[in-house]
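Q: Be aware that the sequence shown starts at 0, since it is given in numbering that gives the first Met the number 0, and climbs by one per residue. Sharing a structure with you now.
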Amino acid sequence: MRLILFVLACAAATSAAAPTLFDNVYDYSDDMSEFLGRVSKHIESAKDIFSPTRTCDPSRISLPAFASGLPAPSGKPVYVAVGRGTQNYTCASSTSDAAPKLQGAVANLYNATCIAASFPDMMELLPNIVYKIPLPSSEFDPLPPANIELLGHHFFAGSVPVFNLDTTPSRQYGVAMVKKLSEIDAPATAIKGANGAVSWLYLPTVNGTVGSYKGVYRVDTAGGGAPKTCKDMPSQFTVQFPQQSQTALVRKGTSGDLIFKDSQRLRMKNLDRNYDDEQHGLDQFLNIFACGFGAPRGRGGPRGGAPRGRGGPGGRGGRGAPRGGGAGARGGAKVIIEPHRHAGVFVARGGKEDLLVTKNLTPGEAVYGEKRISVESPPAEDGAVTKTEYRVWNPFRSKLAAGILGGLDDIYMKPGAKVLYLGSASGTSVSHVADIVGPTGNVYAVEFSHRSGRDLIGMATHRTNVIPIVDDARHPLRYRMLVPMVDVIFADVAQPDQARIVGLNAHMFLKEGGGVIVSVKANCIDSTAKPEVVFAREVQKMREERIKPREQLTLEPFERDHCIVAGVYKRAA
């Protein structure tokens, strides 16, 4: 069964950046051919692939005309979702005298709000395509072909339908408990599947709803219907369906539901977060198609907030000095540069405190406003004096720097090494890794966020040993043509499935005996468990991915509830 879920709010919706990415799907049916053809037209009409040309305004979304047989909505849409799941039925006996009884449904809901608002011509094709596509292998993977992110889940609590939009600790959008008030048969044009499409519904909310949602419309259903009788059927069986969901308009499976919200404040908060997620997904398509890069987010929410640690008010990271070419630290005869035990890393002594530094690959340029130290070498025979510039590496802004100061025995990086860096953000730490490996090495920097990817690409234009890859680290096959076998993988993706992400990339790109360094943020893995418990679980998951941990240390006082795990990859089981 396929359905479309609509969630609406009484207050007006605000505009947000629209998504611009669709994923590749190896299904060249007529519907898929038409879908990809329309994608091409949108790409051709985009004047600037790095700037969204449309806005994501849910107030522009409306119910299908056929839904006029249901009560009219009293508010404006909040979410539109694409869903995929099953309708569950039971039979008292396997005879033609018994009829199947609906026992509930289970479905994943994927956020398609911005597609419905900005690309309605794409949205109308999704139900027919989604009906033929299985769920992603991982629950948190985006749903093809539009690469839309998970919004929530639909299920039954007893006899009460539930639309749970609290997906992860960082995505808490509320829960809609509903009841059936109005029903109409699906139109004759709906995809029937084996036994017909399930009906369209209006489901107002009831007690127990979290958030000011008012109701849900289930429309545009496809499949999911039960056979007319229980003849030759088991006592329990399921019928598959795809679904779509939206904020204010949430499309679920092959039917559509609409949730109305009273609270403008809560709704706007939710819209901002969901539209960011979806924009990163849609922006990825134009980048992959036109530039060879993609852009899903891989490090959680955008950085920002109050500054932390040493340094002034933050730039993008919210920590350390602001952007714009930090002033040089005191150099000259008073500063002594000593090699660190890790090749390519140095210690500057002679000031108020010792500083961790790297040799600047591009002298005269700062990446994120860091301090720079210029040291003169002893005069040569001809009296010429050369200067060498070093960049101060702030451990409050780099997990790798914090790990080095914490006493990591081996970072597996050295001049000439090839490094795969997962979760590169805007390139703060990547720039120092580029300094370490030098002009003979390479850093393959993968970042999910399109916004951070812009900064990453900007940094890479000056550091030619950095290859920026704006794509989802969960799908290493997408950038396999850009990355060779590497000596070490560093990961700072801060996702619940982080160990799996690292394992996938290690199996694809890491040489036998290569190094693996993973920064683990406990709250992003499991906010309900103690950090030390989360760390132990992640270490075990790494072992299951054939990574043999060698070291584990916490990152206090630089980061709270963080640890860094270093190990070696053994390709043989």
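All residues carry an ideal CB built from backbone N, CA and C; glycine is no exception.
What is the C-beta distance between I183 and L101, in whole angstroms, given that I count them as a contact (C-beta under 8 Å)?
A: The residue you call residue 183 lines up with position 184 of the sequence shown. The residue you call residue 101 lines up with position 102 of the sequence shown. About 17 Å; that fails the 8 Å criterion.
Q: For A64 and S425, what's the separation of their Cα atoms in angstroms?
A: Working through the sequence shown from its first residue, we reach residue 64 at position 65. Working through the sequence shown from its first residue, we reach residue 425 at position 426. The straight-line gap from Cα to Cα measures roughly 45 Å.
Q: Taking its Cβ as the centre, do 16 or more other Cβ atoms sit within 10 Å of N359, making it buried, or is it exposed?
A: Position 360 of the sequence shown, counted from the start, is the residue given in the question as residue 359. By the 10 Å Cβ count, N359 comes out buried.
Q: Among G406, D409, I114 and T357, which residue has its Cα nearest to the Cα of E388?
A: Position 389 of the sequence shown holds residue 388. Of G406, D409, I114 and T357, the residue nearest in Cα terms is T357.
Q: So is L476 buried or exposed if we call it buried at 16+ other beta carbons inside 10 Å?
A: One-based indexing of the sequence shown puts residue 476 at position 477. Exposed: under 16 other Cβ atoms inside 10 Å.
Q: Consult DSSP for A193 and reduce its assignment to one of helix, strand or coil.
A: The residue you call residue 193 lines up with position 194 of the sequence shown. Correct three-state label for A193: coil.
Q: Is I435 closer than 8 Å to I516 when the C-beta atoms are compared?
A: As a first step, residue 516 must be located in the sequence shown, where it is residue number 517. As a first step, residue 435 must be located in the sequence shown, where it is residue number 436. No; because the gap between Cβ atoms is not below 8 Å, this pair is not in contact.
Q: For E380, is the classification buried or exposed, using 16 other Cβ atoms within 10 angstroms of its Cβ as the cut-off for buried?
A: Position 381 of the sequence shown, counted from the first residue, corresponds to residue 380. By the neighbour-count rule (16 or more Cβ atoms within 10 Å), E380 is not buried but exposed.
Q: Report the rounded CA-to-CA distance for D353 versus W392, giving the unit in angstroms.
A: By 1-based counting over the sequence shown, the position of residue 353 is 354. By 1-based counting over the sequence shown, the position of residue 392 is 393. Taking the straight line from one Cα to the other gives about 11 Å.
Q: What is the DSSP secondary structure of R499, counted as helix, strand or coil?
A: For this step, residue 499 is matched to residue 500 along the sequence shown. Note: R499 maps to helix in three-state DSSP.
Q: Taking 8 Å as the cut-off, decide whether the C-beta atoms of E574 and I524 are in contact.
A: It is not possible to answer for residue 574, since the shown part of the chain is limited to 0 through 572.
Q: Which residue comes first and which comes last in the alpha helix (DSSP H) that contains Q539?
A: Working through the sequence shown from its first residue, we reach residue 539 at position 540. That run of the alpha helix (DSSP H) goes P530 to E543.
Q: Got a sec, what are the start and stop residues for the beta strand (DSSP E) R170 sits in?
A: On the sequence shown, residue 170 is found 171 positions in, with the first residue counted as 1. Counting along the chain, the beta strand (DSSP E) containing R170 begins and ends at R170 to M176.
Q: Mark N441 as exposed unless 16 or more other C-beta atoms lie within 10 angstroms of its C-beta, in which case mark it buried.
A: Position 442 of the sequence shown, counting from 1, holds the residue named residue 441. N441 is buried by the Cβ-count criterion.
Q: Among G224, P76, G406 and A187, which one has its Cα closest to the Cα of E550?
A: As a first step, residue 550 is located in the sequence shown; it is residue number 551 there, counting from the start. The residue with the shortest Cα to Cα distance from E550 is G406.
Q: Using CA coordinates, which residue listed in P467, Y443 and T463 is at the minimum distance from D454?
A: Position 455 of the sequence shown, counting from 1, holds the residue named residue 454. Here the closest residue by C-alpha is P467.
Q: Which residues in the same chain have their Cβ closer than 8 Å to the Cβ of H606, if we skip the five residues on either side of it in sequence?
A: Nothing about residue 606 can be reported from this structure: the residues present for the chain run from 0 to 572 only.
Q: Can you give the Cα-Cα distance for G210 and S61, rounded to whole angstroms?
A: The residue you call residue 210 lines up with position 211 of the sequence shown. The residue you call residue 61 lines up with position 62 of the sequence shown. Taking the straight line joining both Cα atoms gives about 22 Å.
Q: Could you tell me which residues DSSP puts in a beta bridge with V159?
A: On the sequence shown, position 160 is the one that residue 159 refers to. Paired residues: A156.
Q: Considering C562, what are the terminal residues of the beta strand (DSSP E) in which it resides?
A: Reading the sequence shown from its first residue, position 563 is the one you call residue 562. First-last of the beta strand (DSSP E) with C562: H561 to Y568.
Q: Just curious, the beta strand (DSSP E) that L202 is in, first and last residue?
A: Residue numbering aside, residue 202 sits at position 203 when the sequence shown is read from its first letter. Start and end: W199 to P203.
Q: Measuring alpha carbon to alpha carbon, tell me which residue in G514, V81 and M232 is nearest A416.
A: For this step, residue 416 is matched to residue 417 along the sequence shown. That would be G514, whose Cα lies nearest to the Cα of A416.
Q: Starting from the Cα of T204, find the closest Cα among A193, K179 and V218 and give me that residue.
A: Looking up residue 204 in the sequence shown gives position 205. Nearest option by C-alpha distance: K179.
Q: Three-state secondary structure (DSSP) at A106?
A: Here the question's residue 106 lines up with position 107 in the sequence shown. Correct three-state label for A106: strand.
Q: Examine the ligand NAP and report whether any of its heavy atoms sits within less than 7 Å of the Cβ of T357.
A: In the structure shown, the ligand NAP is absent, as is every other ligand, since no ligand is present at all.
Q: When you compare only the Cα positions, how much space is there between Y212 and Q497?
A: The residue labelled residue 212 in the question sits at position 213 within the sequence shown. The residue labelled residue 497 in the question sits at position 498 within the sequence shown. One C-alpha to the other measures close to 33 Å.
Q: Considering only the alpha carbon of each residue, which of M176, E375, V567 and P530 lies closest to T157?
A: As a working note, residue 157 is residue 158 in the sequence shown. The question names Thr, yet the displayed sequence has Gly at residue 157. Checking every option, the nearest Cα to that of G157 belongs to M176.
Q: Between the C-alpha atoms of Y573 and V445, what's the straight-line distance to the nearest angstrom?
A: Absent from the model: residue 573. The displayed extent of the chain is 0 to 572, so no value can be given.
Q: According to DSSP, is G457 helix, strand or coil?
A: Position 458 of the sequence shown, counting from 1, holds the residue named residue 457. It is helical.
Q: From the DSSP output, in three-state form, read off A383 for me.
A: Position 384 of the sequence shown, counted from the start, is the residue given in the question as residue 383. Of the three classes helix, strand and coil, the one that applies to A383 here is coil, per DSSP.
Q: Using a threshold of 8 Å, state whether the C-beta atoms of T89 and A104 are closer than that.
A: For this step, residue 89 is matched to residue 90 along the sequence shown. For this step, residue 104 is matched to residue 105 along the sequence shown. Result no, Cβ atoms of T89 and A104 do not sit closer than 8 Å.
Q: May I ask you to list the residues that DSSP assigns as paired with Q235?
A: Taking the first residue of the sequence shown as position 1, residue 235 is located at position 236. Q235 is bridged to T89.
Q: Alpha carbon to alpha carbon, what distance is there between E337 and G350?
A: The residue labelled residue 350 in the question sits at position 351 within the sequence shown. The residue labelled residue 337 in the question sits at position 338 within the sequence shown. Whole-angstrom Cα-Cα distance: 13 Å.
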